[in-house]
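For reference, the structure discussed in these notes is given below.
Residue numbers (the numbering used here): 392 to 605.
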């Protein structure tokens with residue numbers, strides 16, 4: 392009776408990487424007890440993504456509503472309907488103070504006070520802190536003026552000195568700084584700044600102002 396011939400090699404398909412296959416099964420054997428946790432992690436990630444999506448949509452909707460308020464307030468102020476504008480501003484501050492449009496509301500409030508011949512230094516400080524563009528330099532200059540008016544000339548000078556040649560309002564800020572020095576009796580420092588301004592022919596108004604103060 393003939394013995395059944397034993398194959399010399401295992402009947403594996405051609406090009407199978409035994410080492411790689413072993414590593415895969417070995418890895419699976421190690422992690423399979425954690426699959427429930429892995430599944431939970433995947434679910435949490437998915438829920439987080441969905442939650443973030445809905446959060447984004449909600450924020451988008453909130454900003455859209457805030458922009459409508461800003462437009463209405465702007466139109467009311469253009470028509471000089473300040474009482475109605477104030478009511479909408481109060482509503483805005485209750486519901487949309489955390490949106491980027493709040494900067495505009497602060498600007499409106501500052502302008503409305505200026506129209507009445509009033510100032511609110513805290514409002515100006517708040518607006519400056521929320522701006523990160525060149526506009527913040529203009530607000531800083533106005534804040535410096537209010538600081539000086541309220542008796543805090545050192546803070547005013549500090550703010551004005553922080554406005555550099557690269558800023559659009561450098562010359563006007565320097566003019567205000569020189570006027571403060573002059574009011575304080577520091578004529579030497581005031582004249583030094585006024586002479587520099589007078590030499591700048593690009594700003595005729597400030598050049599004339601400087602000449603008149605020399």
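Backbone N, C-alpha and C define an ideal beta-carbon position, used for all residues, glycine too.
Quiz item: Below 8 Å, can you find three or more Cβ-Cβ pairs linking the stretch 482-489 to the stretch 506-524?
Solution: no
Quiz item: How close, in whole Å, do the beta carbons of residue 512 and residue 534 come, if the pair is a contact with beta carbons under 8 Å?
Solution: Within the chain shown, numbered from 1, the residue matching residue 512 stands at position 121. Within the chain shown, numbered from 1, the residue matching residue 534 stands at position 143. Yes, they are in contact, since the Cβ atoms of residue 512 and residue 534 sit about 7 Å apart, within 8 Å.
Practice problem: Under 6 Å Cβ to Cβ from residue 569, same chain only, skipping five residues before and after it: list those, please. | Solution: Translated into positions along the chain shown, residue 569 becomes position 178. Result list for residue 569: 581, 584, 585, in chain order.
Self-check item: Own chain, CB closer than 8 Å to residue 536, minus 5 neighbours either side, in chain order
Solution: In the chain shown, counting from the first residue as 1, residue 536 sits at position 145. Cβ within range, chain order: 547, 567.
Exercise. Could you tell me if residue 563 is buried or exposed, where buried requires 16 or more neighbouring beta carbons within 10 angstroms of its beta carbon?
Key: As a first step, residue 563 is located in the chain shown; it is residue number 172 there, counting from the start. Classification of residue 563: buried, given that the 10 Å Cβ count is 16 or more.
Quiz prompt | Cβ pair residue 492, residue 457 closer than 7 Å | solution = In the chain shown, the residue the question calls residue 492 occupies position 101. In the chain shown, the residue the question calls residue 457 occupies position 66. Taking 7 Å as the Cβ cut-off, residue 492 and residue 457 qualify as a contacting pair.
Quiz item: Any idea if residue 587 is buried or exposed, counting beta-carbon neighbours within 10 angstroms, 16 or more meaning buried?
Solution: By 1-based counting over the chain shown, the position of residue 587 is 196. Burial call: exposed.
Exercise. Could you spell out where the alpha helix (DSSP H) holding residue 536 opens and where it closes?
Key: Counted from its first residue, the chain shown places residue 536 at position 145. Run containing residue 536: 526-540, per the alpha helix (DSSP H) assignment.
Exercise. Look up residue 406 in the DSSP assignment and say whether it is helix, strand or coil.
Key: Indexing the chain shown from 1 puts residue 406 at position 15. Only weak support exists for where residue 406 lies, its pLDDT of 48 falling under 50; the coordinates are left without a value.
Self-check item: Which listed residue (589, 506, 549, 515) has its alpha carbon closest to that of residue 498
Solution: The residue given as residue 498 occupies position 107 in the chain shown. Nearest option by C-alpha distance: 515.
Quiz item: Do you know whose CA, among 509, 452, 480, 503, lies nearest residue 540's CA?
Solution: Along the chain shown, one-based indexing puts residue 540 at 149. Looking at the Cα atoms, 509 is the closest of the given residues.
Practice problem: Give the straight-line distance between the Cα atoms of residue 590 and residue 462, rounded to the nearest whole angstrom. | Solution: Translated into the one-based positions of the chain shown, residue 590 becomes position 199. Translated into the one-based positions of the chain shown, residue 462 becomes position 71. About 43 Å.
Quiz prompt | Supposed contact pair residue 553 and residue 606 - C-beta distance, whole angstroms, cut 8 Å | solution = Examination of residue 606 is not possible in this model, given that the chain is present from 392 through 605 alone.
Quiz item: Does DSSP put residue 453 in a helix, a strand or coil?
Solution: Within the chain shown, residue 453 is the residue found at index 62, counting from 1. Residue 453: helix per DSSP, three-state reduction.
Quiz item: So, helix, strand or coil for residue 557, using DSSP?
Solution: If you number the chain shown from 1, residue 557 lands on position 166. Looking at residue 557 - three-state DSSP - the assignment turns out to be coil, as it is neither helix nor strand.
Quiz item: How is residue 491 classed by DSSP in three states: helix, strand or coil?
Solution: In the chain shown, counting from the first residue as 1, residue 491 sits at position 100. Looking at residue 491 - three-state DSSP - the assignment turns out to be coil, as it is neither helix nor strand.
Practice problem: Could you tell me the distance, in whole angstroms, from the CA atom of residue 496 to the CA atom of residue 531? | Solution: Numbered from its first residue, the chain shown carries residue 496 at position 105. Numbered from its first residue, the chain shown carries residue 531 at position 140. The straight-line gap from Cα to Cα measures roughly 17 Å.
Exercise. In the DSSP assignment, find the alpha helix (DSSP H) that holds residue 507 and state where it starts and stops.
Key: Indexing the chain shown from 1 puts residue 507 at position 116. Note, residue 507: premise wrong, no alpha helix (DSSP H); not H, not E.
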